[in-house]
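When you read off a place in the sequence shown, starting at 1, and then add 827, the result is the number in my numbering. Glycine included, C-beta positions come from ideal geometry on N, C-alpha and C.
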Amino acid sequence: MIRRIQALPKPLRVLTFSAIIAAALFAIYLVTLGVISAVARSQPRTVAVASDPALNVSEFAVLPDEDAYPSSLAMAQDGSVYTASYASGTIWRISPDGEPTELPGTRDQLGAVIALELAPDGTLYALDHTDPLNVQGGIIWQLTPDGELSRRLTLDAAPASVAAFYDDLAVDAVGNLYISDRVQDRVYRLAVDDEQVTAWWQEFPTMPDEALSPGGLGYDPVTDSIIVADATAHRIYRVPVTAEDPTAATEILFEYEGQGIGPGFDGLTVTPDGVIYLAALGQNAVARLEGTVLDYLARGFRGASDVAFDAARNRLIVTNWDQSYLRPATVWLVFTVDSPPRLPFALDAIDLP
828 MIRRIQALPK PLRVLTFSAI IAAALFAIYL VTLGVISAVA RSQPRTVAVA
878 SDPALNVSEF AVLPDEDAYP SSLAMAQDGS VYTASYASGT IWRISPDGEP
928 TELPGTRDQL GAVIALELAP DGTLYALDHT DPLNVQGGII WQLTPDGELS
978 RRLTLDAAPA SVAAFYDDLA VDAVGNLYIS DRVQDRVYRL AVDDEQVTAW
1028 WQEFPTMPDE ALSPGGLGYD PVTDSIIVAD ATAHRIYRVP VTAEDPTAAT
1078 EILFEYEGQG IGPGFDGLTV TPDGVIYLAA LGQNAVARLE GTVLDYLARG
1128 FRGASDVAFD AARNRLIVTN WDQSYLRPAT VWLVFTVDSP PRLPFALDAI
1178 DLP
């Protein structure tokens, strides 16, 4: 065969050898893809480990879709949990015993839900990026207690001539909605009767050229404040809702000063008693902030991006998946491969003492 190839005219020889090399590379790509897929799908689902023997970590609910990617949580007063897919936009309501029910219309109308929040009147708000990878602004959807789904507001992709990345939601006691922006380093407020957001709080660096990324939001009913978590500065703020100048009135509750990988705070929740629980995505952990001390409750999650508190059962519900699996990885220079997730997608629970 080699002699036949060598006997061909030079242009055909070059073309033939190029085809052989391309076929070999493609074969390697297919083998690599098969190995990655087989390894990923054959690995058992891991469960995080509690830091204290008095705590118990277990699987709470299994989501039905192979692209569920639960990005966020919202807790109802009866212990029902809402979660949503960052890949399909589908929203599920999960009963206190872990049975999911898909909310009608969400799969068809929403695209990539990054945050959920429940208002005092029972309205569920969803922050939709519309596309999980090509993020251009966002949409705020509202779902009323009687099941009516409608668009509340379209968020500008560049409200200050710089591309925004809207990340989380919070609702205060009177129903005002707060929206964090990781790129603009600020929080916007949408008043109950308004049709446009206003810039409410601006995070200022404490050091020159400091990288900032405010994301996680939660409402503290004890101090009537919004709690803000910064993923890059590893900082927790308290901002009074009624302050004339929220930025000037900001209090730093915690700032990570350790070495190595910081907490990388993401979603958070505040109990009716004012206790703050946080998803430390950077360390794949869940923690409680007690005064100025960050107490880690469990570690070993695959992507703890949000946490919700079930007061009736004294437990935390945690998302346990990293959305980076949505982005193809580069293999062999220009080839890419989608790394399949370990199914099923599920939420975990931490039973508190």
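What residue range does the alpha helix (DSSP H) around residue i cover?
i: threonine 1025; result: Unbroken run through threonine 1025 is the beta strand (DSSP E), 1025-1029; no alpha helix (DSSP H).
i: threonine 957; result: Where threonine 957 is concerned, there is no enclosing alpha helix (DSSP H), given that its DSSP letter is neither H nor E.
DSSP beta-bridge partners for residue i?
i: valine 1145; result: Val1134 and Asp1175
i: isoleucine 941; result: DSSP output for isoleucine 941 lists no bridge partner at all.
i: aspartate 1008; result: Tyr993 and Arg1013
i: valine 998; result: Leu1004
i: arginine 920; result: Tyr909 and Thr928
i: serine 812; result: The chain is shown only over 828 to 1180; residue 812 falls outside these bounds and no answer can be derived.
i: serine 1052; result: Asp1047 and Pro1067
I'd like the span of the beta strand (DSSP E) that includes residue i, first residue to last.
i: arginine 934; result: Arginine 934 -> not in any beta strand (DSSP E); alpha helix (DSSP H) instead, spanning 933-936.
i: phenylalanine 1198; result: The displayed coordinates of the chain run from 828 to 1180. Any statement about residue 1198 would go beyond what the structure contains.
i: proline 1013; result: Here residue 1013 turns out to be arginine, not proline, going by the sequence shown. Looking at the DSSP string, the run of the beta strand (DSSP E) that includes arginine 1013 is 1013-1017.
i: methionine 902; result: 897-902
i: leucine 1044; result: 1041-1047
Give the single residue among the options whose Cα lies nearest to the Cα of residue i.
i: glycine 906; options: Tyr913, Pro927, Asp892 and Ala895; result: Pro927
i: isoleucine 1088; options: Ile1079, Asp1072 and Gly1109; result: Gly1109
i: asparagine 883; options: Leu1143, Arg1009 and Leu1095; result: Leu1143
i: alanine 987; options: Arg1013, Ala1076, Pro891 and Leu1095; result: Arg1013
i: serine 977; options: Pro1032, Asn1147 and Ile966; result: Ile966
i: proline 1073; options: Pro931, Tyr1083 and Glu1030; result: Glu1030
i: leucine 1095; options: Pro1180, Arg1169 and Asp994; result: Asp994
i: tryptophan 1028; options: Asn1147, Glu975 and Thr1069; result: Thr1069
i: glycine 925; options: Thr1033, Asp955 and Leu1174; result: Leu1174
i: phenylalanine 887; options: Asn1147, Tyr1083 and Gln1023; result: Asn1147
i: threonine 1059; options: Asp1051, Glu1084, Arg920 and Phe1092; result: Phe1092
i: tyrosine 1152; options: Ala997, Leu930, Leu1124 and Pro897; result: Pro897
i: asparagine 1141; options: Gly916, Tyr909, Val1097 and Arg979; result: Val1097
i: glutamine 1150; options: Ala895, Ser878 and Ala875; result: Ala895
i: glycine 1042; options: Thr1025, Val874, Glu893 and Asp1133; result: Asp1133
i: aspartate 983; options: Ala1000, His956 and Pro923; result: His956
i: leucine 930; options: Val908, Thr1077 and Ala1026; result: Val908
i: alanine 875; options: Ala1125, Leu1179 and Phe1172; result: Ala1125
i: alanine 826; options: Val889, Ala901 and Pro880; result: One cannot answer for residue 826 here, as it falls past the ends of the chain, which runs 828 to 1180.
i: proline 1168; options: Leu1179, Leu1039 and Arg1154; result: Arg1154
i: threonine 1050; options: Tyr1123, Arg920, Pro1099 and Gln936; result: Pro1099
i: leucine 1170; options: Ala1131, Ala881 and Val889; result: Val889
i: arginine 979; options: Ala881, Leu996 and Glu1022; result: Glu1022
i: glycine 1085; options: Val1120, Ala1075 and Glu1071; result: Val1120
i: proline 1032; options: Val989, Gln1011 and Leu1017; result: Gln1011
i: glutamate 1117; options: Pro1090, Arg1016, Phe1081 and Gly1130; result: Phe1081
i: glutamate 1071; options: Asp1036, Ala1038, Pro1035 and Ala1026; result: Ala1026
i: proline 923; options: Tyr1046, Gln904, Ala985 and Ser1040; result: Gln904
i: leucine 1017; options: Thr971, Asp958, Asp892 and Leu996; result: Leu996
i: alanine 985; options: Glu975, Val962 and Thr971; result: Val962
On the premise that residue j lies in contact with residue i, defined as a C-beta separation below 8 Å, what is that separation, rounded to the nearest angstrom?
i: glutamine 969; j: threonine 981; result: Wrong, their Cβ atoms sit about 13 Å apart, outside the cutoff.
i: phenylalanine 1128; j: valine 1145; result: 6 Å
i: leucine 1044; j: tyrosine 1005; result: 6 Å
i: valine 1113; j: isoleucine 1177; result: 6 Å
i: alanine 939; j: alanine 914; result: 7 Å
i: alanine 911; j: leucine 960; result: Contact flag wrong, Cβ pair sits at about 17 Å.
i: alanine 1135; j: leucine 1105; result: Not really, about 12 Å apart at Cβ, beyond 8 Å.
i: isoleucine 1079; j: valine 1066; result: Isoleucine 1079 to valine 1066, Cβ: 11 Å. No contact.
i: aspartate 1008; j: phenylalanine 992; result: 6 Å
i: threonine 933; j: isoleucine 918; result: 4 Å
i: alanine 947; j: alanine 1000; result: Checking the displayed sequence, the identity of residue 947 turns out to be proline instead of alanine. Right, their Cβ atoms sit about 7 Å apart.
i: asparagine 1003; j: valine 1024; result: Not really, about 11 Å apart at Cβ, beyond 8 Å.
i: serine 878; j: tyrosine 1123; result: 5 Å
i: alanine 1107; j: alanine 1076; result: Not a contact, Cβ separation roughly 26 Å.
i: tyrosine 1083; j: histidine 1061; result: 3 Å
i: leucine 937; j: glycine 964; result: The Cβ separation is near 14 Å, so there is no contact.
Does any CB atom of chain C fall closer than 8 Å to the CB of residue i?
i: threonine 910; result: No chain C appears in this structure, which consists of one protein chain only.
Is there at least one non-hydrogen atom of the ligand GTP closer than 7 Å to the beta-carbon of residue i?
i: leucine 1116; result: With respect to the ligand GTP, the structure offers nothing, as it holds no ligand at all.
Q) Which full runs of the alpha helix (DSSP H) of 4+ residues lie inside the segment 1054-1127, going along the chain? A) none
Q) Which whole runs of the alpha helix (DSSP H) in the segment 945-994 are 4 residues long or more, in chain order? A) none
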